[in-house]
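**Student:** First residue of the sequence shown? That's 1 in UniProt numbering, and the numbers climb one at a time after it. Just so it is clear, CB atoms sit at the ideal spot from N, CA and C, and this is done for glycine as well. Bear in mind that the values here come from a model prediction, so they are computed numbers and not experimental data. The structure under discussion is supplied below as structure tokens; questions concerning it will follow.
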Amino acid sequence: MLHLRLISVAGVSSITAGKSTALIDVFISVTTVPAAGYLAVALAFGQWAQVAGSVSQLSMNVAGMILAGTTTLMVQRKFWPQVGRRSSV
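So, in structure tokens, the structure goes:
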């Protein structure tokens, strides 16, 4: 779960800093696609216990990314007040 938080922090930081997000998109895909794929396969085969586990894992992954991204934005807003504001220079 720590890797999700770090990826989310890096993703939000790169977006707010105006840097390329291609690598961050790959990292986020690596954390969500396997759980979503396993969910689809478990649904197709009617493996309801595995469906529940996949939904749980995917939910935790997405919640972790949202939490880490939101926390990053809050920290940036507090310590970097100039981010997102236009400069007169």
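Can the beta-carbon of Leu58 be found less than 8 Å from the beta-carbon of Leu73?
**Tutor:** Cβ atoms of Leu58 and Leu73: not closer than 8 Å.
**Student:** Helix, strand or coil: which one does DSSP assign to Val89?
**Tutor:** Reliability fails at Val89, whose pLDDT of 49 lies under 50, so the model's placement of it is uncertain and no value is given.
**Student:** Which of the three DSSP states is assigned to Gln47 in this structure?
**Tutor:** In this structure, Gln47 counts as coil in the three-state DSSP scheme.
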